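For reference, the structure is listed below as structure tokens.
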DNA sequence: GCCAACGTTGGC
DNA sequence: GCCAACGTTGGC
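Numbering (my numbering), first residue to last: 8 to 146.
Right under this line is the structure:
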């Protein structure tokens with residue numbers, strides 16, 4: 008199946024924090040393209056969690072537990088948030104340089120448009136990343 | 001801290 | 001509706 012990727016600066020909200028919290032409201036998105044992807048997320052969808060600025064790697068997989076609803080922190084109801092729960096921590100984080108070096112991932116939205124904070128991940132890309140992460144299960 | 005890429009804003 | 005100026009993001 009295909010999935011998603013969200014970025015977070017670990018200073019602001021790190022993967023470990025999500026694991027500790029058990030659930031988080033993914034809000035604060037103020038970009039139309041990213042918002043459109045949020046709207047397309049469905050309950051149960053898997054979401055790679057990427058650390059930007061510091062770490063520069065995908066560290067875990069979250070799942071959507073609540074589909075898009077108006078961002079409680081926005082004065083404009085067109086902005087939306089979703090709720091995420093942690094699902095699995097990757098056996099090995101997959102770094103940006105690894106992704107850049109892998110020809111299977113050269114068309115990834117993350118690499119092509121680095122500023123986008125929410126982006127889709129295609130099935131083939133998803134599998135390639137799991138492989139780089141040393142994933143054992145067949146998911 | 002710098003710079004490139006991209007989005008947004010505002011004057012015309 | 002175009003485009004220059006500016007702000008923000010994110011990698012290095």
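We treat Cβ as the ideally placed atom computed from N, Cα and C, and that holds for glycine. Since we're looking at a predicted model, the values are computed, not measured.
Tell me the residue span of the alpha helix (DSSP H) that contains residue 9.
Premise fails: residue 9 is in no alpha helix (DSSP H) and is neither H nor E.
Just reading off the beta strand (DSSP E) that residue 97 is part of, what are its end residues?
Residues 87 to 102.
Mapping the DSSP letters down to three states, classify residue 33 as helix, strand or coil.
Residue 33: strand per DSSP, three-state reduction.
Among 118, 98, 93, 54, which one has its Cα closest to the Cα of residue 138?
The shortest C-alpha separation from residue 138 is found at 98.
For residue 42 and residue 36, what's the separation of their Cα atoms in angstroms?
So the alpha carbons of these two residues sit roughly 7 Å apart.
Decide if residue 140 is buried, meaning its Cβ has at least 16 other Cβ atoms within 10 Å, or exposed.
A buried status is given to residue 140, since no fewer than 16 other beta-carbon atoms sit within 10 Å of its beta-carbon.
List the endpoints of the continuous beta strand (DSSP E) containing residue 140.
Taken as a continuous stretch (DSSP letters only), residue 140 belongs to no beta strand (DSSP E), as it is neither H nor E.
Could you name the residues of the same chain whose beta carbon sits closer than 8 Å to that of residue 109, not counting the 5 residues immediately before and after it, in chain order?
The answer, listed in chain order, is 135, 139.
Give me whichever residues DSSP pairs with residue 14 in a beta bridge.
DSSP lists 57 as the bridge partner or partners of residue 14.
So residue 73 is in the beta strand (DSSP E); what residue range does that whole segment cover?
Following the DSSP letters along the chain, one finds residue 73 inside the beta strand (DSSP E) bounded by residues 64 to 77.
What do you reckon, are the CB atoms on residue 14 and residue 64 nearer than 7 Å?
The Cβ-Cβ distance between residue 14 and residue 64 does not fall below 7 Å.
Taking only the alpha-carbon atoms, compute the straight-line gap between residue 19 and residue 80 and give it to the nearest angstrom.
Distance between the alpha carbons of residue 19 and residue 80: 16 Å.
Considering residue 19, what are the terminal residues of the alpha helix (DSSP H) in which it resides?
Residue 19 -> no alpha helix (DSSP H), and no H or E assigned at all.
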